[in-house]
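As structure tokens, the structure follows; a few thoughts come after it.
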Amino acid sequence: MSEKYIKFENVSLKNHPTYNESWVQDKISEDPSILGLGDLLLKDRERIFPRAGRLDLLLQDPDSFRRYEVEVQLGSTDESHIIRTIEYWDIERKRYPNYDHTAVLIAEDITSRFLNVISLFNGFIPLIAIQMKAVRYEEKISLIFTTVLDQMTLGYEEEDEEKELVDRNYWEKKRGTKETVALVDKLLDYIHTFAPDFDLNYTKFYIGLSQERQPKNFVVFRPQKNALRLEVRMKKSEELKNEITESGLDLMDYDKWGRYRIRLSKSDVTNKADFLTNLLKRSYSEAFE
377 MSEKYIKFEN
387 VSLKNHPTYN
397 ESWVQDKISE
407 DPSILGLGDL
417 LLKDRERIFP
427 RAGRLDLLLQ
437 DPDSFRRYEV
447 EVQLGSTDES
457 HIIRTIEYWD
467 IERKRYPNYD
477 HTAVLIAEDI
487 TSRFLNVISL
497 FNGFIPLIAI
507 QMKAVRYEEK
517 ISLIFTTVLD
527 QMTLGYEEED
537 EEKELVDRNY
547 WEKKRGTKET
557 VALVDKLLDY
567 IHTFAPDFDL
577 NYTKFYIGLS
587 QERQPKNFVV
597 FRPQKNALRL
607 EVRMKKSEEL
617 KNEITESGLD
627 LMDYDKWGRY
637 RIRLSKSDVT
647 NKADFLTNLL
657 KRSYSEAFE
């Protein structure tokens with residue numbers, strides 16, 4: 377039997393007598409995962425800054441040193457909220473420099489004009505813009521959050537490392553072994569099942585990928601003496617983390633460059649071919665499709 381289609385009614389929260397900004401903060405505080413930024417924890421709410429106002433929400437990733445300074449706005453984005461979001465982010469990063477900080481602006485309507493303005497900051501300031509929509513069905517109401525501008529960093533470290541090219545012999549004799557470099561060949565075979573025109577690109581710090589001689593590093597490899605470290609760039613999610621660990625692979629961590637780092641043995645590469653191929657394909661799709 378086919379599932380029944382249900383049409384939701386859009387609800388504007390800006391002047392709503394019940395569902396106001398405090399209510400939105402309540403819902404996010406109860407379950408920060410609804411923002412789609414991962415399994416975050418509420419660190420603080422309405423944090424007071426002397427002579428600078430209050431930060432709506434401070435969220436933290438329990439598995440890393442990353443915090444999110446979140447500002448909520450009903451209605452359309454305006455200059456004051458953009459400035460406050462950046463100001464609170466700047467205060468927090470100076471007070472707690474050991475954490476990685478990301479500014480998050482949530483609004484019902486992020487207009488193209490202000491999206492362009494925010495985009496100018498992105499890359500210099502780690503900034504995420506999320507559009508919020510309230511929908512109602514009968515007597516039930518829900519919130520939908522859509523990321524319209526994702527965080528960008530100033531650049532990945534391999535952009536500089538690309539310049540220090542080496543050859544296969546360097547990895548087989550100095551950094552890894554012939555056996556661990558051969559595991560990279562096997563993983564490249566898996567990649568060729570969905571992206572046949574990719575080649576290996578040997579640099580001093582890792583083995584990357586290239587397409588028509590241009591670096592395309594959705595994944596990088598770091599052969600070691602006794603194992604191979606696979607680093608797959610994908611959006612962080614608790615579901616994906618569980619998939620990797622439940623597969624039996626040795627998940628090391630999720631690094632600050634947005635990559636899952638996995639330690640592989642020869643038996644992992646051979647016996648978990650289907651899982652690894654699927655993981656590599658998903659990373660490729662996120663990067664290029």
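The sequence shown begins at 377 in our numbering and counts up one residue at a time.
We put the CB at the ideal spot given by N, CA and C, even for glycine.
Note that the coordinates shown come from a computational prediction; the quantities given were computed from them, not determined experimentally.
Next item on the list: Give the DSSP-derived three-state secondary structure of His477 in the structure shown.
Entry: The count along the sequence shown starts at 1 and reaches residue 477 at position 101. Correct three-state label for His477: strand.
Margin query: Among Pro591, Pro572, Ala571 and Ile567, whose alpha-carbon lies nearest the alpha-carbon of Tyr578?
Written below: On the sequence shown, residue 578 is found 202 positions in, with the first residue counted as 1. When each option's Cα is compared against that of Tyr578, the closest is Pro591.
Item checked: Segment limits, alpha helix (DSSP H) that includes Thr653 -> Taking the sequence shown and counting its residues from 1, the one referred to as residue 653 is at position 277. Run containing Thr653: Ala649 to Phe664, per the alpha helix (DSSP H) assignment.
Check: Is it true that the CB of Val596 sits closer than 8 Å to the CB of Tyr636?
Finding: Working through the sequence shown from its first residue, we reach residue 636 at position 260. Working through the sequence shown from its first residue, we reach residue 596 at position 220. Result no, Cβ atoms of Tyr636 and Val596 do not sit closer than 8 Å.
Notebook entry, point to check: In chain order, what residues of the same chain have a beta carbon less than 6 Å from the beta carbon of Ile482, not counting five sequence neighbours either side?
Noted result: Here residue 482 corresponds to residue number 106 of the sequence shown, with the count starting at 1. Hits under 6 Å: Val448, Ile506 and Met508.
Next item on the list: Take every Cβ of the stretch 607-627, pair it with every Cβ of the stretch 410-424, and state whether three or more of those distances are shorter than 8 Å.
Entry: yes
Next item on the list: Check Thr529 in the structure and name its three-state DSSP category.
Entry: Along the sequence shown, one-based indexing puts residue 529 at 153. Interpretation of Thr529 is limited by its pLDDT of 47, a score under 50 that renders its predicted location unreliable; the figure taken from the coordinates is listed afterwards. Thr529 falls in the coil class under three-state DSSP.
Check: Do the stretch 564-578 and the stretch 621-639 meet, that is, are 3 or more Cβ pairs less than 8 Å apart?
Finding: no
Note to self: Let me check one thing: in DSSP terms, what residues is Gly429 bridge-paired to?
What the structure shows: Sequence index remark: in the sequence shown, residue 429 carries index 53 (1-based). Answer is Phe425.
Check: What is the DSSP secondary structure of Arg543, counted as helix, strand or coil?
Finding: Indexing the sequence shown from 1 puts residue 543 at position 167. Residue 543 is actually Asp in this sequence, not Arg. Reduced to three states, the DSSP call for Asp543 is coil.
Notebook entry, point to check: If we call anything under 8 Å between Cβ atoms a contact, is Arg442 one with Tyr472?
Noted result: If you number the sequence shown from 1, residue 442 lands on position 66. If you number the sequence shown from 1, residue 472 lands on position 96. For Arg442 and Tyr472, no; Cβs fall outside 8 Å.
Note to self: Any contact between the stretch 551-568 and the stretch 512-523? By contact I mean 3 or more CB pairs, one from each, below 8 Å.
What the structure shows: no
Next item on the list: Use the C-beta contact count for Ala663: other C-beta atoms within 10 angstroms, 16 or more gives buried, fewer gives exposed.
Entry: Stepping through the sequence shown from its first residue, residue 663 is reached at position 287. It is exposed - the Cβ of Ala663 has fewer than 16 other Cβ atoms within 10 Å.
Item checked: Residues bridged to Asn577 [DSSP beta-bridge criterion] -> Residue numbering aside, residue 577 sits at position 201 when the sequence shown is read from its first letter. In the DSSP output, where bridge partners are listed per residue, Asn577 has Gly584.
Checklist line | Contact under 8 Å by Cβ, Thr487 with Ile504 | finding: Working through the sequence shown from its first residue, we reach residue 487 at position 111. Working through the sequence shown from its first residue, we reach residue 504 at position 128. Taking 8 Å as the Cβ cut-off, Thr487 and Ile504 do not qualify as a contacting pair.
Next item on the list: Report all residues from its chain with a CB closer than 7 Å to the CB of Glu548; omit the five preceding and five following residues, and keep chain order.
Entry: For the purposes of this step, residue 548 is taken as residue 172 along the sequence shown, with counting starting at 1. Excluding residues within five positions, the ones whose Cβ falls inside 7 Å are Lys554 and Val557.
Check: Does DSSP classify Arg635 as helix, strand or coil?
Finding: Position 259 of the sequence shown, counted from the start, is the residue given in the question as residue 635. In this structure, Arg635 counts as strand in the three-state DSSP scheme.
Margin query: Pop quiz: Lys648 and Leu627 are said to be a contact at Cβ under 8 Å. What is the actual Cβ separation, rounded to whole angstroms?
Written below: By one-based count along the sequence shown, residue 648 stands at place 272. By one-based count along the sequence shown, residue 627 stands at place 251. With 8 Å as the limit, Lys648 and Leu627 do not qualify as a contact, their Cβ atoms being about 13 Å apart.
Notebook entry, point to check: Would you report the Cα separation of Gly634 and Lys657, rounded to the nearest angstrom?
Noted result: One-based indexing of the sequence shown puts residue 634 at position 258. One-based indexing of the sequence shown puts residue 657 at position 281. Answer to the nearest angstrom: the Cα atoms are 16 Å apart.
Checklist line | Integer-rounded CB distance, given that Leu389 should sit under 8 Å from Leu450 | finding: Here the question's residue 450 lines up with position 74 in the sequence shown. Here the question's residue 389 lines up with position 13 in the sequence shown. With a Cβ gap of about 5 Å, Leu450 and Leu389 count as contacting.
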